[in-house]
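Remarks on the structure that follows.
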C-alpha cells in the first residue's frame with residue numbers, strides 16, 4: 007500500500023478540524039472521485055474515523071512521549087502522529103514498522119520535512135501497552151481511555167454508575183452495523199432471496215414485544231452498496247431500527263393526513279408512506295431548501311407519491327395546520343449523543359450547555375405539533391439522544407401543561423416511552439414517546 011492513502015487521511019483530518027467538515031460527506035466525495043480503489047477507501051475511512059473516534063486517547067499517548075506540547079506541534083505533523091499512533095495501538099493488520107516508516111516518509115515529503123526525525127522518535131517509542139496502561143478510574147480515566155469529553159462522562163457516571171457508563175462508552179466506540187429497512191417493493195421472502203443471491207449476509211432485527219415490527223435487517227454486503235441491484239432498485243432504505251421504530255408506533259392509516267415536522271432526509275416519511283400503502287398525504291417539513299431536495303429525491307427514488315416536501319420552520323406556529331393532521335411525527339433537533347457511533351465528531355462539537363438550548367427548541371416544536379393534531383389523533387415525539395432533559399423531561403412538562411393529551415402506551419409491555427441504548431439494544435441511542443389527543447371519537 008502506497009503512502010497516498012495516509013496522506014489523504016491526514017488532509018481529510020485537517021479539513022474536518024479546520025472547516026468543521028462532516029466525515030460522511032468527505033468520505034462520499036472520496037468514493038465519487040474515483041481516485042482510490044475500494045481497499046484504499048476502506049483504509050482511509052478506518053484512519054479518519056479511528057482518529058476522530060480516539061483523538062483524546064491518541065493525544066494523551068503522544069503527549070506522554072513528546073517533550074513538545076501538542077499545541078506547539080504543527081497541525082500536519084500532529085495528524086501524522088495521530089494516524090501513526092492509531093495504527094500501532096488499534097490496528098492489528100498494520101505492522102508497527104510499516105506504520106512508523108510510512109508516516110516518516112509522509113513528513114519528509116512535506117513542507118515540514120524537518121519534523122521527520124521528531125515523528126520517527128515519537129512513533130518508535132509508542133507501544134500498544136501505552137493504551138492498556140491508561141486507568142479507567144473516574145471521569146478523567148474513562149475520558150482518556152474511551153476518548154469522550156469529561157463533562158459527558160461525568161453526566162453518565164452520575165446517572166448510570168460506572169459499569170453501565172463504561173459499557174455505553176465502549177459501545178459508542180464500536181463500529182455501527184449497517185442497518186436497513188425493507189420497503190414495500192418486495193415481500194420478506196423475495197427480499198431475503200435477493201440478498202442471498204447477491205452474496206449479502208443479513209440478520210433480521212427483532213424487538214421483544216413487537217412481533218409486527220419486522221422490516222429491519224443488519225447487512226454485511228460483499229461490495230459497495232451503490233453497486234448492488236437491491237440498493238439501486240429501492241429494495242431497502244438505510245435506516246437504524248430505532249429510528250424506523252418511531253414511524254412504526256405512529257400507526258398511520260391509509261388515506262390519513264400525516265405531518266412529519268422535521269423530516270429531512272425523509273427516511274421516516276418513506277416508512278410512513280409504506281405503512282399507508284402510498285395513500286393519503288404526508289407533509290414532510292424542513293427549514294432548509296437543500297434538505298427538502300433530499301426529501302424530494304428519496305420520494306422519487308422510492309416512488310412515494312404521497313410525500314409533499316414543505317419549507318417550514320417547525321419552531322414557528324403555522325395557523326394553516328391547526329388540527330389538520332391525523333398523525334404528527336415530531337422528531338426534533340437534539341444533541342445527537344445517541345448516534346456517536348455513526349458520527350464520532352459529535353463528542354467534540356457538542357457542549358454541555360447545548361443540551362439546555364436544544365431542549366427549549368424541542369419543547370417549542372412539540373408545542374406547535376400538538377396544535378396541528380386533530381382530536382383523537384396520535385403524536386410521536388422522538389430524538390436521537392439519551393439525555394433526559396431532551397426526552398422525558400420535555401414530555402413530562404408538556405403533559406402537565408396539556409391535559410387534553412395523554413401517554414398512549416405501546417408494545418406488549420405497554421411502554422409509556424422508551425429509550426434505546428447501544429450497549430443494551432444494539433441500536434443507536436434513541437428516545438420515543440407516543441401520545442394521544444383526547445376528544446376524538
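Numbering (the working numbering), first residue to last: 7 to 447. Note that CB positions come from ideal geometry on N, CA and C, so glycine has one too.
For residue i and residue j, what's the separation of their Cα atoms in angstroms?
i           : j           : result
residue 184 : residue 322 : 36 Å
residue 306 : residue 249 : 21 Å
residue 320 : residue 285 : 24 Å
residue 17  : residue 418 : 51 Å
residue 80  : residue 23  : 13 Å
residue 212 : residue 232 : 26 Å
residue 407 : residue 383 : 18 Å
residue 218 : residue 128 : 56 Å
residue 303 : residue 239 : 14 Å
residue 93  : residue 191 : 43 Å
residue 179 : residue 326 : 45 Å
residue 244 : residue 257 : 21 Å
residue 315 : residue 131 : 56 Å
residue 50  : residue 122 : 22 Å
residue 163 : residue 171 : 6 Å
residue 7   : residue 28  : For residue 7, the predicted model reports a pLDDT of 45, less than 50, meaning its position is unreliable; a value from the coordinates is still stated below. Residue 7 and residue 28: Cα-Cα distance of roughly 26 Å.
residue 116 : residue 360 : 39 Å
residue 202 : residue 169 : 39 Å
residue 91  : residue 346 : 22 Å
residue 324 : residue 413 : 25 Å
residue 427 : residue 118 : 44 Å
residue 396 : residue 255 : 20 Å
residue 363 : residue 342 : 13 Å
residue 348 : residue 434 : 9 Å
residue 30  : residue 246 : 16 Å
residue 352 : residue 393 : 14 Å
residue 339 : residue 372 : 11 Å
residue 69  : residue 85  : 13 Å
residue 159 : residue 67  : 19 Å
residue 264 : residue 107 : 58 Å
residue 221 : residue 34  : 26 Å
residue 71  : residue 215 : 52 Å
residue 73  : residue 399 : 47 Å
With distances taken from CA atoms, which of the options is nearest residue i?
i           : options               : result
residue 227 : 216, 213 and 209      : 209
residue 391 : 418, 356 and 415      : 356
residue 289 : 295, 281, 272 and 296 : 272
residue 59  : 350, 412, 399 and 157 : 350
residue 148 : 369, 124 and 175      : 175
residue 177 : 193, 158 and 344      : 344
residue 54  : 276, 189 and 181      : 181
residue 335 : 308, 10, 279 and 354  : 279
residue 188 : 143, 159, 236 and 229 : 236
residue 224 : 432, 37 and 12        : 432
residue 52  : 410, 242 and 19       : 19
residue 198 : 157, 173 and 241      : 241
residue 297 : 430, 317 and 389      : 317
residue 173 : 429, 268 and 388      : 429
Please state whether DSSP places residue i in a helix, a strand or coil.
i           : result
residue 230 : coil
residue 260 : coil
residue 132 : coil
residue 60  : coil
residue 378 : helix
residue 386 : strand
residue 244 : strand
residue 413 : strand
residue 75  : coil
residue 427 : coil
residue 92  : helix
residue 97  : coil
residue 42  : coil
residue 353 : helix
residue 443 : strand
residue 254 : helix
residue 7   : The pLDDT assigned to residue 7 is 45, lower than 50, so where the model puts this residue is not dependable, and the model offers no usable value.
message: Taking contact to mean 3 or more Cβ pairs, one atom from each stretch, closer than 8 Å, check whether the stretch 141-159 and the stretch 60-77 are in contact.
response: yes
Sequence ranges, alpha helix (DSSP H) only - wholly within the stretch 267-348, length at least 4: 273-281 and 295-307
message: My parser needs the alpha helix (DSSP H) runs of 4 or more residues fully inside the stretch 176-226; what are they?
response: 194-203
query: Which ranges would you report for the alpha helix (DSSP H) in the stretch 107-177 if only whole runs of at least 4 residues count?
result: 122-131, 135-138, 144-152 and 156-166
- request: Would you check if there are 3 or more beta carbon pairs closer than 8 Å linking the stretch 95-108 to the stretch 132-150?
  value: yes
message: Using a Cβ distance threshold of 8 Å, determine whether the stretch 420-432 contacts the stretch 327-334, with at least three qualifying pairs required.
response: no
query: Per the contact definition of three or more C-beta pairs closer than 8 Å, is the stretch 39-47 in contact with the stretch 108-124?
result: no
- request: Check whether the stretch 371-388 touches the stretch 431-443, counting contact only when three or more Cβ pairs, one atom from each stretch, lie closer than 8 Å.
  value: yes
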